[in-house]
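Protein chains in written order, with this note's numbering: chain A, 1 to 261; chain B, 262 to 653.
To start, the structure under review is shown below, and the notes come after it.
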Amino acid sequence: MMNNAVTLSKAETANNIPLIELKDIYKIYHMGDTDVHALDGVSMKIFKGEFVAIVGQSGSGKSTCMNIIGCLDVPSVGKYYLRGKDVSTMNDDEQAEIRNKELGFIFQQYNLIPKINVQQNVELPLMYAGLSEREQAKRALASLDKVGLKSKAKNMPQQLSGGQQQRVSIARALAGDPSIILADEPTGALDSKTGKEVLQFLKQLHSEGNTIVLITHDNTIAAQAERVIRVQDGQIVYDGEPDISKFAQVAHAGDEDGDGA
Amino acid sequence: MTLKKSFQLALSNLMFDKMRSLLTMLGMIIGVGAVIILISLMSGMMGMMNDEFAKLGTDTVTVSVQDRGGSRSIDEDDIYKFAQDNPDMFRGVSPSVTIAGAFVKSGSNDITTNATGVSEEYINIKQLDVEQGRFLSYIDIEKKAKYCVIGTYIEREFFGQGRAMGQTLRINGKTFTVIGVLKEDDDSTSGSTDDVMYIPYTTAVTMSASKFISSYTLWTTSVDIVDTAIAKTKQFLENKIGDSDYYNVSSIKQIMDMANTMTGTMQTLLVCIAGISLLVSGIGIMNIMLVSVTERTREIGIRKSLGAKAKDIKTQFVIEAGTVSGVGGLIGIAVGSVLAVTFGRLLELNAVPSVGAILISFGISVGIGVIFGYLPAKNAANLNPIDALRHE
């Protein structure tokens, strides 16, 4: 916990208002007679410039957590402040605007639209932001250049390899210059070599000052981040340094608890 | 999302699966094509009918009167005076005295035909063309001259082409000199518009039993005032004769208007039937758009995750439906126009689709797409982003 405090104080000196602040978030699904607590009182603060990995096994609530951070879903109870603004009470259109302006998504399945070319895919968030076509093209190409795929701008997504497609989706996430990059299992569909490249690229983005939230089930990938939040049964069980022996132990203990219960 | 981008996207989606797009559009193509063909053919038919009526003189008013005797009687002087008193309405008058079943003889040939007694203005009223010689003149009328102007059927029957001028023929025993031959109007056969003989009405009256002129043709200044002219004439006759049983005022225009109303009603009916196929095509488009929304749920989720608002998604799908339908409409217009012109040629009609018909069909096809695309678009817009993203 001391490490956690150190991390926070380091970040707080950079900026007093957290970029992301979850306050006692619950997400409850009603499945017949029983209530499933996907998130069970989660609170966290993420500051600008951090590289945070949210790690947990499937069903732990990490995806729900990412959906809420990504404004793709709303909490049942609790408050979510993004840059000090209460996002949890916003309507659909306002949330869409937040997603557009503040968030850049990188998905496991890349989620490129197959019918339009690479450049048009990267232009999408810019288009929804209402930029002029010229500006869209300029920024999209700059963003593709950053991931080294400017030459593939006119290709269709399926003409690219998995790693390249993931880089296009990174370019798309970067194009709108978001405050937070949310990466949901970005290496899940890639072989280990390309997976490493993508991770390396995320690290590089972080070193350039981007705030990155990485969601993964893989401890070794989580260990690449500078801060790890471990989620289990809808609760945060570890928040601190990516010292693999420490958070993995917690994880192990949690598993046993879960099995025992 | 700009309209231009939505439109481009809609077009590229249209091209993505050409077979499906074509099948989706087929209903629209047939519907719009049918509407265009029907409207064109009907208006071609109306045009032909109007031309035929125009030959009969749509800007004339025909007055029929019966002899009531005494001061209630009416003669050509009354009619001439009435026409001259209303120069803004009438520009010419011709009494019309028909000698029906006139026995016409020249040399050893003889035929039975109708001879009509008319005034010198008749040539203008009926817009006759004189090929050789001249038409009857005022002097001929005044002098009750025994002159006649004949159609090409009479000319060829008795004298041969171009040899009638100055020749004589006998009508019911009276000798007439041919002073003019009309231009061939039809095919120079018996009973056609070339089977005519015009003589001065004054002469015709002397040959008729009653000596009473029972028919007049009044030439109005314009087709548009025919109805007012009829009313005015009726009023005049009512004042003079005092009993509507003794006179009748009519016009080809009235008959033409009636015929046009009838064909118009028929056209509306046929277009309505074709319109049903447009409706059906709209339902087809709605169906395929609903399928498309389901198929593209993931795409919608991706777009939403990138910041597309409900309105953006709705617009995209509405424009897509409108585009499919509009392109179908354009193809329908092209196919319909070609077929209309082809059928028109076969039926010898001038069936060319009007700009109005084309614009309206295009508008309707786009409109149907937008209306029937709205429900699927709304479904797409209301998808929850996270469910849509998870959709396989």
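Beta carbons are placed, not taken as given, at the ideal position from N, Cα and C, and that holds for glycine.
Between valine 510/B and phenylalanine 497/B, what straight-line distance do the alpha-carbon atoms span, to the nearest angstrom?
Here residue 510/B refers to the residue found at position 249 of the second sequence. Here residue 497/B refers to the residue found at position 236 of the second sequence. Valine 510/B and phenylalanine 497/B: Cα-Cα distance of roughly 11 Å.
Select from the segment 271-291 of chain B all residues with a C-beta closer than 8 Å to any C-beta belonging to chain A, and list them in chain order.
Within the segment 271-291 of chain B, the residues whose Cβ lies closer than 8 Å to some Cβ of chain A are Ser273, Asn274, Phe277, listed in chain order.
In the DSSP output, what is glutamine 235/A paired with across the bridge?
Sequence index remark: in the first sequence, residue 235/A carries index 235 (1-based). Note: glutamine 235/A sits in a beta bridge opposite Gln232/A.
Could I get the ranges of all uninterrupted alpha helix (DSSP H) runs contained in the segment 436-520 of chain B, with 4 residues as the minimum, in chain order?
Taking only runs of at least 4 residues, the alpha helix (DSSP H) segments lying wholly in the segment 436-520 of chain B are 462-468, 487-502.
What's the C-alpha gap between alanine 96/A and tyrosine 110/A?
To locate residue 96/A, count along the first sequence from 1; it is residue 96. To locate residue 110/A, count along the first sequence from 1; it is residue 110. Alanine 96/A and tyrosine 110/A: Cα-Cα distance of roughly 20 Å.
With DSSP collapsed to three states, give me the class of cysteine 71/A.
As a working note, residue 71/A is residue 71 in the first sequence. Reduced to three states, the DSSP call for cysteine 71/A is coil.
Quick check on this structure: which residue in Ile402/B, Leu636/B, Met468/B, Ala425/B has the alpha carbon closest to the alpha carbon of isoleucine 411/B?
Along the second sequence, one-based indexing puts residue 411/B at 150. Comparing Cα positions, the closest option is Ala425/B.
Using 9 Å as the limit for Cβ to Cβ distance, is isoleucine 647/B near chain A?
Counting from 1 along the second sequence, the entry for residue 647/B is found at position 386. Yes, contact with chain A.
Give the secondary structure of histidine 206/A by DSSP, where H, G and I count as helix, E and B as strand, and everything else as coil.
Within the first sequence, numbered from 1, the residue matching residue 206/A stands at position 206. Residue state, collapsed to three classes: helix.
Return the chain-ordered list of same chain residues with a C-beta closer than 6 Å to the C-beta of glycine 362/B, the five sequence neighbours on each side being excluded.
What you label residue 362/B is simply residue 101 of the second sequence in a count that begins at 1. Thr373, listed in sequence order.
Between Phe51/A, Met31/A, Ala38/A, which lies nearest to leucine 19/A when the distance is taken from Cα to Cα?
Within the first sequence, residue 19/A is the residue found at index 19, counting from 1. Nearest option by C-alpha distance: Phe51/A.
Going by alpha carbons, who is nearest to glutamate 197/A out of Asp24/A, Glu123/A, Ile221/A?
Here residue 197/A is taken as the residue at index 197 of the first sequence, counted from 1. The option with the nearest alpha carbon to glutamate 197/A is Ile221/A.
Residues in the same chain with beta-carbon distance under 7 Å from leucine 199/A, minus the five sequence neighbours each way, listed in chain order, please.
Translated into the one-based positions of the first sequence, residue 199/A becomes position 199. Contacts found: Thr187, Ile221, Gln224.
Give a yes or no on contact between the segment 345-352 of chain B and the segment 538-556 of chain B, applying the rule of three or more CB pairs nearer than 8 Å.
Counting Cβ pairs under 8 Å, fewer than three are found: no touch.
Which same chain residues, not among the five before or five after glutamate 499/B, have their C-beta less than 7 Å away from its C-beta?
As a working note, residue 499/B is residue 238 in the second sequence. These residues qualify, in order along the chain: Ser505.
With burial defined as no fewer than 16 other Cβ atoms inside 10 Å of the residue's Cβ, what is the status of proline 348/B: buried or exposed?
Here residue 348/B is taken as the residue at index 87 of the second sequence, counted from 1. Exposed, since its Cβ has fewer than 16 Cβ neighbours within 10 Å.
Can you check which of these residues, Phe604/B, Gly378/B, Ser615/B, Ile561/B, is closest to asparagine 643/B by C-alpha distance?
For the purposes of this step, residue 643/B is taken as residue 382 along the second sequence, with counting starting at 1. Comparing Cα-Cα distances from asparagine 643/B to each of Phe604/B, Gly378/B, Ser615/B, Ile561/B, the minimum goes to Ile561/B.
Against chain B, with Cβ distances strictly below 9 Å, would proline 125/A count as a contact?
In the first sequence, the residue the question calls residue 125/A occupies position 125. Yes, its Cβ sits closer than 9 Å to a Cβ of chain B.
Considering only the alpha carbon of each residue, which of Ser169/A, Leu103/A, Cys65/A lies closest to aspartate 233/A?
Translated into the one-based positions of the first sequence, residue 233/A becomes position 233. For the residues Ser169/A, Leu103/A, Cys65/A, the minimum Cα distance to aspartate 233/A belongs to Cys65/A.
If you check the beta carbons only, do leucine 205/A and leucine 174/A fall under 9 Å apart?
Counting from 1 along the first sequence, the entry for residue 205/A is found at position 205. Counting from 1 along the first sequence, the entry for residue 174/A is found at position 174. Result yes, Cβ atoms of leucine 205/A and leucine 174/A sit closer than 9 Å.
Would you say leucine 567/B faces chain A, with C-beta separation under 9 Å as the test?
Locating residue 567/B in the second sequence gives position 306, counting from the first residue. Chain A contact via Cβ: present.
Could you check whether isoleucine 580/B and alanine 271/B sit closer than 9 Å to each other, using their CB atoms as the reference points?
Stepping through the second sequence from its first residue, residue 271/B is reached at position 10. Stepping through the second sequence from its first residue, residue 580/B is reached at position 319. Yes. Within cutoff.
Below 6 Å CB to CB, which residues in the same chain sit around glutamine 166/A once its five sequence neighbours on both sides are set aside?
Position 166 of the first sequence, counted from the start, is the residue given in the question as residue 166/A. Cβ within range, chain order: Tyr110, Val198.
For glycine 587/B, I'd like the list of residues in its chain whose CB is within less than 8 Å of its CB, leaving aside the five on either flank, ordered along the chain.
Here the question's residue 587/B lines up with position 326 in the second sequence. Hits under 8 Å: Phe623, Ser626, Val627, Gly630.
List, in order along the chain, the chain B residues whose C-beta lies closer than 8 Å to that of tyrosine 128/A?
Indexing the first sequence from 1 puts residue 128/A at position 128. Met262, Arg564, Leu567, Gly568, Ala569, Lys570, Asp573, listed in chain order.
Can you tell me which residues form a DSSP beta bridge with leucine 22/A?
Taking the first residue of the first sequence as 1, we reach residue 22/A at position 22. Paired residues: Met44/A, Tyr80/A.
Which chain A residues sit within Cβ distance under 7 Å of glutamate 560/B?
Stepping through the second sequence from its first residue, residue 560/B is reached at position 299. Going along chain A in sequence order, the residues near glutamate 560/B (Cβ under 7 Å) are Ile113.
In the DSSP assignment, find the unbroken alpha helix (DSSP H) run with phenylalanine 396/B in it and report its ends.
Translated into positions along the second sequence, residue 396/B becomes position 135. Where phenylalanine 396/B is concerned, there is no enclosing alpha helix (DSSP H), given that its DSSP letter is neither H nor E.
Using C-beta distances below 8 Å, list every residue in its chain close to methionine 458/B, excluding the 5 sequence neighbours before and after it, in chain order.
Against the second sequence, residue 458/B aligns to sequence position 197. Once the five neighbours on either side are set aside, the close Cβ partners of methionine 458/B are Ala363, Val365, Thr374, Asn375, Ala376, Thr377, Cys409, Val410, Ile411, Gly412, Ile415, Ile432.
Looking at glutamate 241/A and histidine 217/A, is the spacing between their C-beta atoms short of 9 Å?
By one-based count along the first sequence, residue 217/A stands at place 217. By one-based count along the first sequence, residue 241/A stands at place 241. Cβ distance not < 9 Å, so histidine 217/A and glutamate 241/A don't count as in contact.
Take methionine 309/B and list the residues in its own chain whose beta-carbon comes closer than 6 Å to its own, dropping the five residues that flank it on each side.
On the second sequence, position 48 is the one that residue 309/B refers to. Only Leu610 meet the Cβ criterion.
Considering only the alpha carbon of each residue, which of Gly597/B, Leu264/B, Gly593/B lies closest to glutamate 133/A?
Start at 1 with the first residue of the first sequence, and residue 133/A comes out as number 133. With distances taken between Cα atoms, glutamate 133/A lies closest to Leu264/B.
Starting from the Cα of lysine 146/A, find the closest Cα among Gln158/A, Asp177/A, Gly56/A and give me that residue.
Within the first sequence, the letter at position 146 stands for residue 146/A. If we check each option's Cα against that of lysine 146/A, Asp177/A comes out closest.
Against chain B, which members of the segment 64-87 of chain A pass a CB distance test of less than 8 Å?
Of all residues in the segment 64-87 of chain A, Asn67, Gly70, Leu72, Asp73 have a Cβ within less than 8 Å of some Cβ in chain B.
Under 9 Å between the Cβ atoms of glutamine 231/B and valine 487/B?
Nothing can be reported for residue 231/B: it is not among the residues displayed for chain B, which extend from 262 to 653.
Among residues of its own chain, excluding the 5 on either side of isoleucine 17/A, which ones have a beta-carbon nearer than 8 Å to its beta-carbon?
For this step, residue 17/A is matched to residue 17 along the first sequence. Correct list, in chain order: Arg83, Gly84.
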